[in-house]
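Everything below concerns the one structure shown next.
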Amino acid sequence: MENKNLGLNTICTHVGETPDNQFRGAVSPLYMSSSYEYMDVDVKRYPRYFNTPNQEYLSKKIAALEHAEAAMIFGSGMAAISTTLLAFLKAGDHIVVQNDIYGGTRNLLEEHFENYSIEYSFTEGLHVSDFEKMIQPNTKMIYIETPSNPLLKLVDIQAVADLAKSKNIVSAIDNTFASPVVQNPIDFGIDIVIHSATKYFGGHSDICAGAVASTQQNIDTIWNIAKNLGGSLSDFSVWMLERSLKTLGLRVKAQQRNAKKLAKYLSKHQYVKAVHYPGLKTHPSHDIAKKQMKGYGAMMSFEFIEEINTQEFLNATQLIKPSMSLAGVESTMLQPSETSHALLSPEDRVAQGISDNLIRFSVGIENKKDIIKDIEQAIAKISKKELAIH
17 MENKNLGLNT
27 ICTHVGETPD
37 NQFRGAVSPL
47 YMSSSYEYMD
57 VDVKRYPRYF
67 NTPNQEYLSK
77 KIAALEHAEA
87 AMIFGSGMAA
97 ISTTLLAFLK
107 AGDHIVVQND
117 IYGGTRNLLE
127 EHFENYSIEY
137 SFTEGLHVSD
147 FEKMIQPNTK
157 MIYIETPSNP
167 LLKLVDIQAV
177 ADLAKSKNIV
187 SAIDNTFASP
197 VVQNPIDFGI
207 DIVIHSATKY
217 FGGHSDICAG
227 AVASTQQNID
237 TIWNIAKNLG
247 GSLSDFSVWM
257 LERSLKTLGL
267 RVKAQQRNAK
277 KLAKYLSKHQ
287 YVKAVHYPGL
297 KTHPSHDIAK
307 KQMKGYGAMM
317 SFEFIEEINT
327 QEFLNATQLI
337 KPSMSLAGVE
347 STMLQPSETS
357 HALLSPEDRV
367 AQGISDNLIR
377 FSVGIENKKD
387 IIKDIEQAIA
397 KISKKELAIH
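In terms of the working numbering, the sequence shown has 281 at position 265, counting the first letter as 1, and numbering is strictly consecutive.
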């Protein structure tokens, strides 16, 4: 059957399985070899060439999930991002970048692109006109991230993709926060989709990986530099990632159901002054979310009132883990100013709206009532008050 005719969970379960022609096991075999025969073979396999059996077949699953022709797997999300940018940008080129992006991506641009003589401009806002006015004669790429990390800001994917095509510019998106369960940017005209596969693809907080999906031509362009930069992933991690992706649809949909309810709960809490979640009607881009997202994802952020000490709250949680990463089956929280965006200057964080009282909340699959009880007991512990559960 063609992949386009298969349902999400069927793609997760069956597409991209590595064949086991010898023993016909129910799961993909793991090929740990780092050296393969090269004489009289159709494919000369080598781990750094991203074409070992496990790498090759997992890429097919990721491509199918993102409605793409082809895909590649990397050793981390930043390896996927940096390799993709360097594949399409050379000295003298210019890239337009959404202002609200992952701190590591911004740091890559600000700390290293000058060394490559690659110019960049951050947008002032999120409307397509903000991107258009930053385009220069030497602009070769537009890069977006929606929903953004950590404020869940949205960009109109279709509008940006149309703008890029009208100017013959490559468009790329970091789709990590949404996952292909929630959002398929290629369907809206985006050229390249990037993921930190450490997050929802892995889903169990035990894998570090990255992924890129696009046309075969674009993947060939990325591969041409990737094979020299060396950002490949070990086959054991590739096998673990393929196993994890089998439950991607089930996990993300369960997390998303929890997130919708928890966003409403937090938005009514007396000690919370703001909740950033696309599924709330109060979100400034709720209409955009309805247009381009299938549901609203399982990521959110919220801000406590000044009287609540954010670090003390995180130390007081018992079920929710204060943790650096996100998108595992367990609920986690962190303070972006101290973690994901710590590399930014205080001025940049203020400009992006990232306060010290902001908490990024990755919602897990636990019982919703248990998550709420944990939030309440942590607040009660640090506020010395017994708060009613909303």
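The C-beta atom is built at its ideal place from N, Cα and C for all residues, glycine as well.
Please read all numbers here as calculations on a predicted model, not as lab measurements.
Going by the DSSP bridge assignment, what does residue i pair with across the sheet?
i: P338; result: M349
i: E161; result: D190
i: R376; result: S317 and L350
i: I111; result: Y136 and M157
Anyone know if the C-beta pair for residue i and residue j falls short of 9 Å?
i: G93; j: V198; result: no
i: Y118; j: F129; result: no
i: L102; j: Y54; result: no
i: M157; j: V186; result: yes
i: L430; j: K280; result: Lying outside 17 to 406, the shown extent of the chain, residue 430 is not represented and no answer is given.
i: K183; j: H292; result: no
i: I375; j: Q393; result: no
i: A213; j: I89; result: yes
i: F138; j: P163; result: no
i: V288; j: E322; result: no
i: K446; j: Q114; result: Residue numbering for the chain in the displayed model covers 17 to 406; residue 446 lies beyond these limits and cannot be assessed.
i: L167; j: F147; result: no
i: A343; j: S378; result: yes
i: R64; j: Y52; result: no
i: S250; j: G219; result: no
Does DSSP classify residue i as helix, strand or coil?
i: F90; result: strand
i: Y136; result: strand
i: K76; result: helix
i: S301; result: coil
i: S371; result: coil
i: S317; result: strand
i: F104; result: helix
i: K310; result: coil
i: K445; result: The chain is shown from 17 up to 406; residue 445 falls before or after that span and cannot be answered.
i: A404; result: Bear in mind that the predicted position of A404 carries a pLDDT of just 42, short of 50, making it too unreliable to give a figure here.
i: I324; result: coil
i: I395; result: helix
i: H292; result: strand
i: M256; result: helix
i: V144; result: helix
i: E127; result: helix
i: P35; result: coil
i: Q271; result: helix
i: I241; result: helix
i: F329; result: helix
i: D390; result: helix
i: G120; result: helix
i: R64; result: helix
i: L360; result: coil
i: R365; result: helix
i: S283; result: helix
i: D56; result: coil
Taking the alpha-carbon positions, what's the residue i to residue j distance?
i: F39; j: F252; result: 19 Å
i: I405; j: A84; result: Its pLDDT being 41, under 50, I405 is placed unreliably in this model, and the value from its coordinates should be taken loosely. In a straight line, the C-alpha of I405 is about 45 Å away from that of A84.
i: K77; j: G369; result: 37 Å
i: I336; j: A367; result: 29 Å
i: N325; j: A275; result: 23 Å
i: C28; j: K262; result: 4 Å
i: A229; j: I388; result: 37 Å
i: G247; j: T99; result: 8 Å
i: N191; j: I210; result: 6 Å
i: G313; j: P196; result: 10 Å
i: K397; j: I134; result: 50 Å
i: G32; j: T121; result: 29 Å
i: K20; j: D207; result: 18 Å
i: I223; j: Q286; result: 37 Å
i: A358; j: Q327; result: 15 Å
i: F204; j: G108; result: 29 Å
i: A96; j: E382; result: 31 Å
i: G41; j: M309; result: 36 Å
i: N70; j: Q272; result: 30 Å
i: L266; j: E82; result: 17 Å
i: E18; j: E126; result: 43 Å
i: A290; j: K284; result: 9 Å
i: F104; j: E363; result: 30 Å
i: A227; j: A87; result: 7 Å
i: L403; j: D390; result: In this predicted model, L403 has a pLDDT of only 44, less than 50, meaning its place in the structure is not dependable; the value taken from the coordinates is given anyway. Taking the straight line from one Cα to the other gives about 12 Å.
Any beta-carbon of chain D closer than 9 Å to the one on residue i?
i: S339; result: Structure shown: chain D not included; a single protein chain is present.
Discussion item. So within the region 162-235, which uninterrupted alpha helix (DSSP H) runs reach at least 4 residues, ignoring any that extend past its ends?
Written reply: Qualifying alpha helix (DSSP H) stretches, in chain order: 173-182.
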